[in-house]
Amino acid sequence: MNQLPTAINFRSNTRQVPPQMSAAVQKATAKFLGNRAALVDALGNDYWQVLRQAGHDIRLHAITHIAHYLEQAEQAVTRAGGQVHWARDAEEARRILLDIAARHRVKLAVKGKSMATEEIGLNHALQAAGIRVLETDLGEYIVQLKGVGPAHIVVPAFHLSKEEIAALFRDKLGVEAPAEAEKLTQIARMKLREEFLAAEMGISGGNFLVAETGTIVTVTNEGNGRMCTTVPPVHVAVVGIDKVVPDWESLTVLLKLLARSATGQKLSCYTQFISGPPRSAAETGPAEMHLILLDNGRTRILQTPECRETLLCIRCGACLNICPVYNHVGGYAYGYPISGPTGVIFASQILGPKIAGALPFASTLCGACNDICPVKIPITRILLHLRRRVVEGDETEPATAPASLRLGARVGALALGSTGLYRLGSRLLRRMQAPFVSVGWMERVPAPLNRWTMSRPFPAFAADFRQWWRGRHLKARHE
Amino acid sequence: MAIKAQLFITCLAEQFFPGVLKRMVGLLERLDVQVAFPEEQTCCGQPFFNSGYRSQARDLAVKWLKVFGRGDGFIVSPSGSCVDMVHHHFPELFPPGSPEHRRAVDVAARTFEFTQFLVHQLKITDVGARFSGRVTYHASCHLLRGLSAREEPKALLQAVQGLELVPLSGEETCCGFGGAFSVIYPEVSKAMMEAKVRAIESTGADVVAAGDAGCIMNIAGGLRRAGSSVRAMHLVEILAAGRGAS
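Chain order of the listed sequences is A and B. Residue numbering for the first sequence follows numbering that gives the first Met the number 0, starting at 0 and increasing by one per position. Residue numbering for the second sequence follows numbering that gives the first Met the number 0, starting at 0 and increasing by one per position.
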């Protein structure tokens, strides 16, 4: 996704999801969840819970003392010869990066997988400036060829079959492409190899930023990310300020949680630590290294105590994999590159309720995300607060829900709060429903409940417990 | 001295499944519980709370706490989600230290979902029920994850004479009800419900049991629309079966 959303209509997006999406997503998520469960079992659930709590505490500590750790990181990166830039918002981050690119007359930039650059719509900005930008993560490469964004934060093209990818390669790359994973990977590898050597700039994200040494940590499975950060003469990392962790000891806990939760691996194939550019002629690597620290609304999230744990996220994707809503609609319905439960709480706050007011409601509040989250983000509690922000407003935003809805809620609460009105309502509903009822069910009812009956009948109102209870007591008194 | 329990009947059970409530009274009385029904009760406010209407939820919680705070003994309800509301969200609605907060915490500690009340307060898993048939169990989200009742409902079902409990694939996956979600995003709700219905059908069970009226109206409706012969029942209906229930 290259352009940032202006309004997200989740319902209309869900209606455009191709019918094969859900099966493809479920097949992939089931595999990840199965691998994850086996590794959690191997550690033992008790120890897993200890790790989760530790992960939660470390992340919460880091974001609570974020200014301190960021300054520490900045000093360490600068000492190591890297250049640190602070970006207040997406626009500033894009401008900083474009300036660096202009200074180096960059014509081709290669990118490792990064959600932060998706968040700021970087590819679109680079292309607009006449710079060719190439995604090199295999999944990102595929979705970029297809002209879409990532469908999943960890595995962007996981919903596409080998056949679809082969057809895409034939169409876009003009090569013979059999529908075999190994052959397809080989084709991408050959294509990308030339580009790595030609690129003047490598762009990456960062899974973590270790404050004590200013180390950018990237966690990948293909090694293409490492090509981006080592081969071109300039490396720019775009890292959200929330990624900071105090030290290497805390990092080990988070690494133990991350790959297990994400792909069901003990550790991903490549865990890369970048601590500045080469310090001597004997060391190799990009001569220049830049770190862009991206705020883009994160400090605002920190200011709302009910929501700040949103920023604990380590982007493992486990909550997407377990979410029944995500499993049925896939990533695109969310209208934002970070999808699923963690995407909902993040995007709702980054974009604000005017653009993303539909997202907090895109959940049944089933709570499976809370239980699987490796850093124990109380996702549904945050969702509830964000719903409140939409309908009632809070300290940060006024209400954006239509006044008619809010009036309806007030009237509804008055009726439900009065025993007399509640009982009267029960009686009226039993009468009014008569034309619709057949053997205890209503197959079709008027709006808005017709949205229910489009997929199942609505049960007939049948309240008679209160009369039954009274009758029973009268009888008991007479006996 | 007999154990006392006030019934918290919940809106959905009252409106759509009054039979569940009557059977619950019968079962509790058979287990020597002295049952009371505070007639002033209405809604606990969960639909408002879950939709973000915090101030309406607070008003309804105040009323609910007044009604149930007057009585003594336990408060028992056949709904995981309504009890979860009382347990976990009522205290959040009031500033700590306020009289309402104290009352919310006190009343929450006495409020139990039906299966947890049986297993943990009455310490009973065999309620003496008889029910012949193959039964599969859908774990309602708020009962399972809100109240951590993973084992209680199944332990109770397993103890029922004549009942064969068959596992449901995706037992812990949401059925797609989600309260207002079902009408805000009806297409997604439908897809989730249909997946649940297919999983239930493939167990070969005669009955699917669950512990929340919301899931039951969703699943029962889905089964009906699919032309299935599987019946959706509340746990209470099965636990009260086979012995003098009204």
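For glycine and all other residues, C-beta sits at the position ideal for the given N, C-alpha and C.
Report task. Please report how far the alpha carbon of R35 (chain A) lies from the alpha carbon of G129 (chain A), in whole angstroms. Result -> As a working note, residue 35 (chain A) is residue 36 in the first sequence. As a working note, residue 129 (chain A) is residue 130 in the first sequence. The alpha-carbon atoms of R35 (chain A) and G129 (chain A) are separated by roughly 42 Å.
Query raised in the report: Does M192 (chain B) have its Cβ less than 8 Å from a Cβ in chain A?
Result: Reading the second sequence from its first residue, position 193 is the one you call residue 192 (chain B). Chain A contact via Cβ: present.
Query - From A:G419, A:G356, A:I381 and A:R422, residue whose alpha carbon lies closest to that of A398 (chain A) - result: Residue 398 (chain A) sits at position 399 when you count from the first residue of the first sequence. Ranking A:G419, A:G356, A:I381 and A:R422 by Cα distance to A398 (chain A) puts A:G356 first.
Query raised in the report: According to the Cβ coordinates, are G44 (chain B) and D83 (chain B) closer than 8 Å?
Result: Stepping through the second sequence from its first residue, residue 44 (chain B) is reached at position 45. Stepping through the second sequence from its first residue, residue 83 (chain B) is reached at position 84. With contacts defined as CB atoms closer than 8 Å, G44 (chain B) and D83 (chain B) fail to qualify as a contacting pair.
Query raised in the report: Going straight from the alpha carbon of M192 (chain B) to that of D211 (chain B), what length do you get?
Result: Numbered from 1 along the second sequence, position 193 holds the residue referred to as residue 192 (chain B). Numbered from 1 along the second sequence, position 212 holds the residue referred to as residue 211 (chain B). Spanning the two alpha carbons is a distance of roughly 15 Å.
Requested in this report: If I'm right that G213 (chain A) touches A72 (chain A) with Cβ under 8 Å, what's the distance once you round it to whole angstroms?
Outcome: Taking the first residue of the first sequence as 1, we reach residue 213 (chain A) at position 214. Taking the first residue of the first sequence as 1, we reach residue 72 (chain A) at position 73. Sure, about 5 Å apart at Cβ, within 8 Å.
Query raised in the report: Using a Cβ-Cβ distance under 8 Å, would D31 (chain B) count as near chain A?
Result: As a position in the second sequence, residue 31 (chain B) is number 32, starting the count at 1. Not a single C-beta of chain A is nearer than 8 Å to the C-beta of D31 (chain B).
Query raised in the report: Looking at chain A, which residues of the region 192-215 of chain B have a Cβ within less than 7 Å of any of its Cβ atoms?
Result: Along the region 192-215 of chain B, going in chain order, the ones with a CB nearer than 7 Å to a CB of chain A are M192.
Query raised in the report: Skipping 5 residues on each side, what residues in its chain have a beta carbon closer than 6 Å to that of S245 (chain B)?
Result: The residue labelled residue 245 (chain B) in the question sits at position 246 within the second sequence. Here the model assigns S245 (chain B) a pLDDT of 37, short of 50, so the residue's position is not dependable, and the following value carries that caveat. Within the same chain, S245 (chain B) has close Cβ partners K21 and G25.
Query raised in the report: F176 (chain B) by DSSP, collapsed to three states: which one?
Result: What you label residue 176 (chain B) is simply residue 177 of the second sequence in a count that begins at 1. Reduced to three states, the DSSP call for F176 (chain B) is coil.
**Report entry** Anticipated Cβ contact below 8 Å, R314 (chain A) with I152 (chain A), distance rounded
**Finding:** In the first sequence, residue 314 (chain A) corresponds to position 315, counting from 1. In the first sequence, residue 152 (chain A) corresponds to position 153, counting from 1. Confirmed, Cβ separation roughly 6 Å.
Query raised in the report: Can you tell me whether DSSP reads E28 (chain B) as helix, strand or coil?
Result: Within the second sequence, residue 28 (chain B) is the residue found at index 29, counting from 1. Secondary structure at E28 (chain B): helix, using DSSP grouped into helix, strand and coil.
**Report entry** Cross-chain neighbours of G175 (chain B) in chain A, by beta carbon under 8 Å
**Finding:** Walking along the second sequence from the start, residue 175 (chain B) turns up at place 176. Counting only Cβ-Cβ distances below 8 Å, G175 (chain B) has contacts in chain A at P323 and T363, in chain order.
Query raised in the report: Quick one: is P340 (chain A) near chain B, going by C-beta distance under 8 Å?
Result: By one-based count along the first sequence, residue 340 (chain A) stands at place 341. The beta carbon of P340 (chain A) does not come within 8 Å of any beta carbon belonging to chain B, so the residue lies off that interface.
**Report entry** A12 (chain B) in three-state terms, based on DSSP
**Finding:** On the second sequence, position 13 is the one that residue 12 (chain B) refers to. Three-state DSSP puts A12 (chain B) in a helix.
Requested in this report: Please determine if the region 167-186 of chain A and the region 352-372 of chain A are in contact, where contact requires at least 3 C-beta pairs separated by less than 8 Å.
Outcome: Judged by pairs of C-beta atoms under 8 Å, the region 167-186 of chain A does not touch the region 352-372 of chain A, as fewer than three such pairs exist.
Requested in this report: Answer yes or no: does any C-beta atom of chain A fall closer than 8 Å to that of G243 (chain B)?
Outcome: Within the second sequence, the letter at position 244 stands for residue 243 (chain B). Here G243 (chain B) scores only 46 on pLDDT, less than 50, and its place in the model should not be relied on; the value that follows carries that caveat. No, G243 (chain B) does not count as interfacial toward chain A.
Query raised in the report: Exposed or buried, which one is H477 (chain A) when buried takes at least 16 other CB atoms within 10 Å?
Result: Stepping through the first sequence from its first residue, residue 477 (chain A) is reached at position 478. With fewer than 16 other Cβ atoms within 10 Å, it is exposed.
Requested in this report: Put M453 (chain A) into one of helix, strand or coil per three-state DSSP.
Outcome: Numbered from its first residue, the first sequence carries residue 453 (chain A) at position 454. In the structure shown, M453 (chain A) sits in coil (DSSP, three-state: anything other than H, G, I, E or B).
Query - Under the three-state DSSP convention, the category R197 (chain B) falls into - result: Within the second sequence, numbered from 1, the residue matching residue 197 (chain B) stands at position 198. It is helical.
Query - Amino acids of chain A, ordered along the chain, whose beta-carbon sits closer than 9 Å to that of G220 (chain B) - result: Looking up residue 220 (chain B) in the second sequence gives position 221. For G220 (chain B), the chain A residues whose Cβ falls inside 9 Å of its Cβ are W440, W451, T452, S454, R455, P456, F457 and P458, in order along the chain.
Query raised in the report: Are the beta-carbon atoms belonging to I344 (chain A) and I381 (chain A) less than 8 Å from one another?
Result: Within the first sequence, the letter at position 345 stands for residue 344 (chain A). Within the first sequence, the letter at position 382 stands for residue 381 (chain A). The answer is yes: Cβ separation under 8 Å.
Query raised in the report: Nearest chain B C-beta to G416 (chain A) closer than 8 Å, yes or no?
Result: Within the first sequence, numbered from 1, the residue matching residue 416 (chain A) stands at position 417. Closer than 8 Å: yes.
Query raised in the report: Which word fits L234 (chain B), buried or exposed, when buried means at least 16 other C-beta atoms lie within 10 angstroms of its C-beta?
Result: In the second sequence, the residue the question calls residue 234 (chain B) occupies position 235. Flag for L234 (chain B) reads buried.
Requested in this report: Closer than 7 Å by beta-carbon distance: list the chain C residues that pair up with R94 (chain A), in chain order.
Outcome: In the displayed structure, chain C is absent; the protein chains listed are A and B.
Query raised in the report: Three or more beta-carbon pairs under 8 Å between the region 132-145 of chain A and the region 231-242 of chain A, yes or no?
Result: Pairwise C-beta distances place the region 132-145 of chain A out of contact with the region 231-242 of chain A, as fewer than three of them are shorter than 8 Å.
Query raised in the report: Beta-carbon of Q55 (chain B) versus every beta-carbon of chain A: anything under 8 Å?
Result: As a position in the second sequence, residue 55 (chain B) is number 56, starting the count at 1. Judged by the 8 Å Cβ criterion, Q55 (chain B) is in contact with chain A.
Query raised in the report: To the nearest whole angstrom, what separates the beta carbons of I218 (chain B) and F464 (chain A), a pair I think is in contact under 8 Å?
Result: To locate residue 218 (chain B), count along the second sequence from 1; it is residue 219. To locate residue 464 (chain A), count along the first sequence from 1; it is residue 465. I218 (chain B) to F464 (chain A), Cβ: 22 Å. No contact.
Query raised in the report: Does the beta carbon of E391 (chain A) sit closer than 8 Å to a beta carbon anywhere in chain B?
Result: Counting from 1 along the first sequence, the entry for residue 391 (chain A) is found at position 392. Taking Cβ atoms only, chain B reaches closer than 8 Å to E391 (chain A), which makes this a yes.
Report task. Compare the C-beta of V104 (chain B) against all C-beta atoms of chain A and say whether one is closer than 8 Å. Result -> Indexing the second sequence from 1 puts residue 104 (chain B) at position 105. For V104 (chain B), no Cβ of chain A is located within less than 8 Å of the residue's own Cβ.
Query raised in the report: What did DSSP end up calling H472 (chain A) once you bin it into helix, strand or coil?
Result: Here residue 472 (chain A) refers to the residue found at position 473 of the first sequence. Note: H472 (chain A) maps to helix in three-state DSSP.
Query raised in the report: Can you name the start and end residues of the beta strand (DSSP E) that L107 (chain A) belongs to?
Result: The residue given as residue 107 (chain A) occupies position 108 in the first sequence. Annotation: the continuous beta strand (DSSP E) that includes L107 (chain A) extends over L107 to K110.
Query raised in the report: Within the 8 Å Cβ cut-off, does C81 (chain B) reach chain A?
Result: Indexing the second sequence from 1 puts residue 81 (chain B) at position 82. It does not: the Cβ of C81 (chain B) has no partner Cβ on chain A nearer than 8 Å.
Report task. Quick one: which unbroken alpha helix (DSSP H) runs of 4-plus residues sit fully inside the region 135-213 of chain A? Chain order, please. Result -> The qualifying runs are 137-145, 161-172 and 180-197.
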